[in-house]
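S.K.:
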Amino acid sequence: MPRFPDSAPPLKVRFLITFDDGPHANTAAILSRLTKNSVQPDIKAIFFVQTRNSDGGASREGRALLHRTHLEGHVLGLHTGTAHGHVRHTGMSPSELDQALRNGKEDISAVTGRQTLLVRPPYWQFNYDTLTRYGRHGLHMMLSDIKAYDGVNWGMHVFKRWNFRSQLTGIRGRFLEDRLPVVQGTIPIVVTFHDTNAHTAHHLAEYLTVIVDEADRLCLPLDGKPFYDERTVMMEAALRRAVH
18 MPRFPDSAPP
28 LKVRFLITFD
38 DGPHANTAAI
48 LSRLTKNSVQ
58 PDIKAIFFVQ
68 TRNSDGGASR
78 EGRALLHRTH
88 LEGHVLGLHT
98 GTAHGHVRHT
108 GMSPSELDQA
118 LRNGKEDISA
128 VTGRQTLLVR
138 PPYWQFNYDT
148 LTRYGRHGLH
158 MMLSDIKAYD
168 GVNWGMHVFK
178 RWNFRSQLTG
188 IRGRFLEDRL
198 PVVQGTIPIV
208 VTFHDTNAHT
218 AHHLAEYLTV
228 IVDEADRLCL
238 PLDGKPFYDE
248 RTVMMEAALR
258 RAVH
């Protein structure tokens, strides 16, 4: 049975951009390129941050980047809230994880004035116990549909294009089978980069172009604004795409 009657407008796709592992020295360049690029100005993104990493959120520069990220209309989600940095939540004791989640939420709240609702586990590793603890802390786990695989520098740009094309092909299948949620008349597709990757920071505009080009190639119908550009709508889409 179709999701809408034949007279309803056709569904369109929007890309929800996310970044992991910051704040980092590259974050400033990424923020600038999200604001000004040749694809769509003033794109908003979700940054899953390490709030107490000595090289990140615990440093003066890192805290300044967190404030800038929020002030420019982006969303801060929690990646890690421990001074040990990028450690697996599945490897923590229950008390350690609870404390790390509390710390991270408090750190983000100190920047934004509100509680963060989103978490993405380091290395994307989770289990029933970690999901249960996220829920107890009012956090919704968000994963991704498309990964740039830029946690390390994978090299050639042509490989990146093939990577996006391959993953978008899978998305197209789910789109045609009505297996993707709809938020305010559009379908949010989550894309993940890492702001710790200098290549990503300097070539982000190219990657945005590749995403749009490959979606067009696969006949995925794009919204007039293919990327989210307003925090409230983006958060609604993010919560809809969270793992429940």
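Quick note: to get my numbering, add 17 to the position in the sequence shown (first position is 1).
Backbone N, C-alpha and C define an ideal beta-carbon position, used for all residues, glycine too.
This structure is a prediction, so every number in the text was calculated from the model and none was measured.
In terms of residues, what are the limits of the alpha helix (DSSP H) holding GLN116?
M.R.: Per DSSP, GLN116 belongs to the alpha helix (DSSP H) from 111-129.
S.K.: I need the DSSP call for ARG105, collapsed to helix, strand or coil.
M.R.: Residue state, collapsed to three classes: coil.
S.K.: Helix, strand or coil, according to DSSP, for PHE143 in the structure here?
M.R.: Correct three-state label for PHE143: coil.
S.K.: With the cut-off set at 7 Å, would you say PRO58 and HIS103 are in Cβ contact?
M.R.: Cβ distance not < 7 Å, so PRO58 and HIS103 don't count as in contact.
S.K.: Could you please give the first and the last residue of the uninterrupted alpha helix (DSSP H) stretch that includes HIS41?
M.R.: Premise fails: HIS41 is in no alpha helix (DSSP H) and is neither H nor E.
S.K.: What's the gap between the Cα of LEU193 and the Cα of ARG137?
M.R.: Those two C-alpha atoms are separated by around 28 Å.
S.K.: Alpha carbon to alpha carbon, what distance is there between PRO243 and ALA222?
M.R.: One C-alpha to the other measures close to 14 Å.
S.K.: What does the alpha-carbon distance come out to for the pair LEU148 and ARG119?
M.R.: Distance between the alpha carbons of LEU148 and ARG119 is about 15 Å.
S.K.: For ILE60, which of helix, strand or coil comes out of DSSP?
M.R.: ILE60 falls in the coil class under three-state DSSP.
S.K.: Measuring alpha carbon to alpha carbon, tell me which of HIS91, LEU225, LYS61 and TRP141 ends up nearest THR133.
M.R.: The shortest C-alpha separation from THR133 is found at HIS91.
S.K.: Taking DSSP as the reference, what is the three-state secondary structure of THR99?
M.R.: Three-state DSSP puts THR99 in coil, outside helix and strand.
S.K.: With a threshold of 16 other CB atoms inside 10 Å of the CB of ALA232, please say whether the residue is buried or exposed.
M.R.: Classification for ALA232: buried.
S.K.: Is TYR151 buried or exposed, if buried means 16 or more other CB atoms sit within 10 Å of its CB?
M.R.: Buried: at least 16 other Cβ atoms inside 10 Å.
S.K.: Tell me THR35's beta-bridge partners as DSSP assigns them.
M.R.: According to DSSP, THR35 bridges with ILE63 and THR209.
S.K.: Using only the alpha-carbon positions, how far apart do VAL56 and HIS96 sit?
M.R.: Taking the straight line joining both Cα atoms gives about 28 Å.
S.K.: Using the beta-carbon count (16 or more within 10 Å), is THR70 buried or exposed?
M.R.: Note that residue 70 is Asn in the sequence shown, not Thr. It is buried - the Cβ of ASN70 has at least 16 other Cβ atoms within 10 Å.
S.K.: Determine contact between the segment 75-94 and the segment 34-53, defined as no fewer than three beta-carbon pairs at a distance below 8 Å.
M.R.: Yes: at least three Cβ pairs fall under 8 Å.
S.K.: Cα separation between GLU123 and THR186?
M.R.: Rounded to the nearest angstrom, the two C-alpha atoms are 40 Å apart.
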